[in-house]
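Asks:
Numbering (our numbering), first residue to last: 416 to 704.
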């Protein structure tokens with residue numbers, strides 16, 4: 416069983432396929448299995464990495480998504496990954512956005528799948544307070560993590576998604592009130608952190624959101640994407656918080672198109688004059704033979 420001993424925890428991971436590195440980071444209360452529908456396809460194009468975030472799945476430690484970036488960086492070092500495409504879903508956005516912002520030289524691209532986390536904006540502050548208010552009224556994240564129609568159009572997929580969501584039932588709070596007590600400080604942190612400036616963001620970025628996402632609401636993702644220089648936004652019709660599961664074919668197509676476009680741009684040869692040619696050019700301007 417592949418285990419990386421990093422940052423005082425045992426981190427479970429898997430590697431599938433060949434090519435440039437592509438790392439997937441799952442959301443809160445989930446596991447590496449969240450991404451099986453993507454890895455099954457993308458392994459034909461990329462060397463895909465999936466892993467269980469700390470405190471979840473088969474990894475040890477205590478779940479705390481805002482610190483996920485340090486674990487991801489250590490895992491990349493452990494696997495010898497110099498640069499990678501990074502894709503985070505929901506709470507997994509903390510990890511991938513950390514790398515893209517703090518270590519942009521390690522990121523080929525950034526995909527924020529239904530997540531704004533790590534980008535501090537007025538929209539994030541407003542949303543965080545709204546979530547705290549909802550929690551006080553009994554809002555349950557689990558009840559809003561899958562679009563209500565999904566069970567009707569894809570009962571097998573719905574059943575599988577619910578089953579995967581129960582894998583961490585023993586380590587996550589059993590009721591909304593306990594959830595708020597354990598993770599409420601994270602929402603307060605997002606609410607109170609001053610907005611950042613992302614007008615010079617250098618990593619190619621894609622934000623996605625489900626049209627009926629009941630957690631990271633569409634207006635939040637739209638507002639975040641607008642503040643990130645050069646970011647693209649894709650909204651998936653009739654999808655909730657999980658387009659990779661609810662609209663798999665459409666999501667995979669969008670993801671692959673984005674990644675390959677980034678790869679094509681970075682591999683296009685750029686014409687630069689050699690140093691000797693520049694010297695001769697300036698000599699000719701000044702009349703020096």
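All residues carry an ideal CB built from backbone N, CA and C; glycine is no exception.
#1: Please report the residue range of the alpha helix (DSSP H) in which residue 708 lies.
#2: Inspect the CB distances between the stretch 418-436 and the stretch 461-477 and report whether three or more fall short of 8 Å.
#3: In three-state terms, what does DSSP make of residue 493?
#4: What are the start and end residues of the beta strand (DSSP E) that includes residue 427?
#5: I need the straight-line Cα distance from residue 553 to residue 680, nearest angstrom please.
#6: Under DSSP, the beta strand (DSSP E) around residue 438 begins and ends at which residues?
#7: CB-CB under 7 Å to residue 618, same chain, minus the five flanking residues each way: which ones, in chain order?
#8: Just reading off the alpha helix (DSSP H) that residue 513 is part of, what are its end residues?
#9: Give the list of continuous beta strand (DSSP E) stretches no shorter than 3 residues that lie fully inside the stretch 624-699.
#10: Per DSSP, what kind of secondary structure is residue 454 in: helix, strand or coil?
#11: When DSSP labels each residue in this structure, what does residue 598 get in the three-state scheme?
#12: CA-CA distance, residue 425 and residue 493?
#13: Rounded to the nearest angstrom, how far is the Cβ of residue 660 from that of residue 452, given a contact under 8 Å?
#14: Does the Cβ-Cβ distance between residue 599 and residue 504 come in under 8 Å?
#15: Assuming residue 509 contacts residue 489 (C-beta within less than 8 Å), just tell me the rounded distance between them.
#16: State the start and end residues of the unbroken alpha helix (DSSP H) segment that holds residue 527.
#17: Give me the Cα-Cα distance between residue 543 and residue 569, rounded to the nearest whole angstrom.
#18: Which of helix, strand or coil does DSSP assign to residue 466?
#19: Alpha carbon to alpha carbon, what distance is there between residue 527 and residue 677?
#20: Measure the alpha-carbon distance for residue 548 versus residue 672 and round it to whole angstroms.
#21: Using DSSP's beta-bridge definition, name the partner residues of residue 499.
#22: Measuring alpha carbon to alpha carbon, tell me which of 456, 458, 428 and 541 ends up nearest residue 486.
#23: In the DSSP assignment, find the unbroken beta strand (DSSP E) run with residue 420 in it and report its ends.
#24: From this set, 560, 605 and 636, which residue's C-alpha is nearest residue 622's C-alpha?
Replies: Quick answer:
#1: Nothing about residue 708 can be read from this structure; the chain reaches only from 416 to 704.
#2: yes
#3: helix
#4: 424-431
#5: 47 Å
#6: 436-440
#7: 515, 519, 522, 524 and 525
#8: 508-517
#9: 647-651
#10: helix
#11: helix
#12: 12 Å
#13: 6 Å
#14: no
#15: Not a contact, Cβ separation roughly 15 Å.
#16: No alpha helix (DSSP H) contains residue 527, which is instead part of the beta strand (DSSP E) from 522-528.
#17: 31 Å
#18: strand
#19: 15 Å
#20: 39 Å
#21: 522
#22: 428
#23: 418-421
#24: 636
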